[in-house]
Every structure is written in structure tokens, then in C-alpha cells.
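In our numbering, the protein residues as written are 40 to 236.
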């Protein structure tokens, strides 16, 4: 009887099998394209976050080493506390191993699927690895430190724009005196509260 039903289906709607085949092929192509787009976007965002975190970490190290000793003690204590909180937030930012472990944990996947079915979209965005939220908190702490150091407009974007305008400062500097000159210029701008560098 199944053969008769199949034969009847073929006679009544001969294009149904082609529609189903097209649906399957389209779904497979869509999944593949979505995976490729997701991978590309993920790599791009990871690079952006990595550059920004590296910039902020470098700033924290320079601030501890060079800026704090030259500031009056009362202000330096507050800034040191903020720098410590910023360094701690950077250290707690999840690395790739932690993120992939969280994604590939089979128990976690089942829990996440159950949670998705039972919760609304706002709750879904608040998972254990809220990378965007952690990055926003790091940016806020960085902004607090720059305001405390009286350089509120100092940012990665500004540094990158100025590096593009003056390409001679980009890359490695082989001359030690040139390195000291650049360092002294930057330190003078930071200590003087100037935000135009």
C-alpha cells in the first residue's frame, strides 16, 4: 500500500520529490554558509578583543612602572587600586581554552538547550561566559583609570589613528635614544594631563 501511495503521490504532484531535494540541499548549503560566516566573524572579534586587551594590559604595566612613582601619594593610592582592579579583570577574562571547554562540554550543552527552551531571550544572553559583558567592564575600568590619570581621551583608537598619521613611530625602533625620546614625550603628555597625543 505504501508503494501505491508513493505512486499516487508521484502522479498527483510529480515535483514534490524535487522540492524536498531542494529543501535538503538548501538547508545543507545554509548551514555550511552560516558556519563559515560565524567562523569568520568569530576570528575577527577574537582579534579585536585580543588587540584591545593587549593594549590595556600594556598600559597597566607602563602606568605601574612609570606613572605611579611620579604622582602624589594620595592620588597614586587610588590609581593603584583602580589599576589593580583593571589588571584583575584582564586576568579573569576567559582564554580560548576556557571558552572552547565550555562550548564542548556535553553536560553543559544539554543544560544550555534546556535553559534556552525554558527561558526568554534576555536570560539567554546572560551565560557563564559573557565575553562581551566582561569586555565592557574592562573598558569601563580602563576609562576610570584614564580619567584618574587626567588623560580621559586616551584610547586605542586614538593611538592607532595617530600611528597612521605618523608612520615613522610604527614598528620597532632600533635606536635606544629614539626609544627614550618617544617614551619621554609620552610620559610628559601623560603626567602633564595633556590628552592630545
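Idealized CB from N, CA, C, for every residue including glycine.
Item checked: Contact between the stretch 172–191 and the stretch 117–127 (3+ Cβ pairs under 8 Å) -> yes
>> Tell me whether the stretch 192–200 and the stretch 78–96 touch, counting them as touching only if at least three CB pairs, one residue from each stretch, are closer than 8 Å.
In response: yes
Exposed or buried, what is residue 125 when buried is set at 16 or more other beta-carbons lying within 10 Å of its beta-carbon? As a working note, residue 125 is residue 86 in the chain shown. Result: buried.
query: Which two residues bound the contiguous alpha helix (DSSP H) that contains residue 181?
result: Indexing the chain shown from 1 puts residue 181 at position 142. From DSSP, the alpha helix (DSSP H) with residue 181 extends over 170–187.
Next on the checklist: To the nearest angstrom, how far is the alpha carbon of residue 191 from that of residue 61?
Outcome noted: What you label residue 191 is simply residue 152 of the chain shown in a count that begins at 1. What you label residue 61 is simply residue 22 of the chain shown in a count that begins at 1. Straight-line spacing of the CA atoms in residue 191 and residue 61 works out to 57 Å.
Can you look up residue 135 in the DSSP assignment and give me helix, strand or coil?
Sequence index remark: in the chain shown, residue 135 carries index 96 (1-based). Of the three classes helix, strand and coil, the one that applies to residue 135 here is helix, per DSSP.
Do you know whose CA, among 193, 67, 187 and 204, lies nearest residue 113's CA? The sequence position of residue 113 within the chain shown is 74, counting from 1. If we check each option's Cα against that of residue 113, 187 comes out closest.
Notebook entry, point to check: In this structure, does DSSP put residue 111 in helix, strand or coil?
Noted result: In the chain shown, residue 111 corresponds to position 72, counting from 1. When secondary structure is reduced to three states using DSSP, residue 111 falls in the coil class, being assigned neither helix nor strand.
**Asked** Span of the alpha helix (DSSP H) holding residue 75?
**Response** Mapped onto the chain shown, residue 75 falls at position 36. That run of the alpha helix (DSSP H) goes 55–101.
**Report entry** Assigned secondary structure, residue 194 (DSSP; H/G/I helix, E/B strand, else coil)
**Finding:** By one-based count along the chain shown, residue 194 stands at place 155. Note: residue 194 maps to coil in three-state DSSP.
Query - Distance between residue 128 and residue 175 (C-alpha atoms, nearest Å) - result: Working through the chain shown from its first residue, we reach residue 175 at position 136. Working through the chain shown from its first residue, we reach residue 128 at position 89. Residue 175 and residue 128: Cα-Cα distance of roughly 11 Å.
Who are the near neighbours of residue 88 in its chain, counting only those whose CB is closer than 7 Å to its CB and skipping five residues on each side?
As a working note, residue 88 is residue 49 in the chain shown. Closer than 7 Å at Cβ, skipping near neighbours: 174.
Quiz item: Can you give the beta carbon distance from residue 133 to residue 86, rounded, assuming they're within the 8 Å contact cut?
Solution: The count along the chain shown starts at 1 and reaches residue 133 at position 94. The count along the chain shown starts at 1 and reaches residue 86 at position 47. Not a contact, Cβ separation roughly 16 Å.
Quiz item: Under the three-state reduction of DSSP, which class applies to residue 104: helix, strand or coil?
Solution: Translated into positions along the chain shown, residue 104 becomes position 65. The answer is helix: DSSP assigns residue 104 an H, G or I state.
Measuring alpha carbon to alpha carbon, tell me which of 193, 64, 68 and 82 ends up nearest residue 98. In the chain shown, the residue the question calls residue 98 occupies position 59. When each option's Cα is compared against that of residue 98, the closest is 193.
| said: Does residue 90 pass the burial test, meaning 16 or more other C-beta atoms within 10 Å, or should it be called exposed? | reply: Numbered from its first residue, the chain shown carries residue 90 at position 51. Residue 90 should be labelled exposed.
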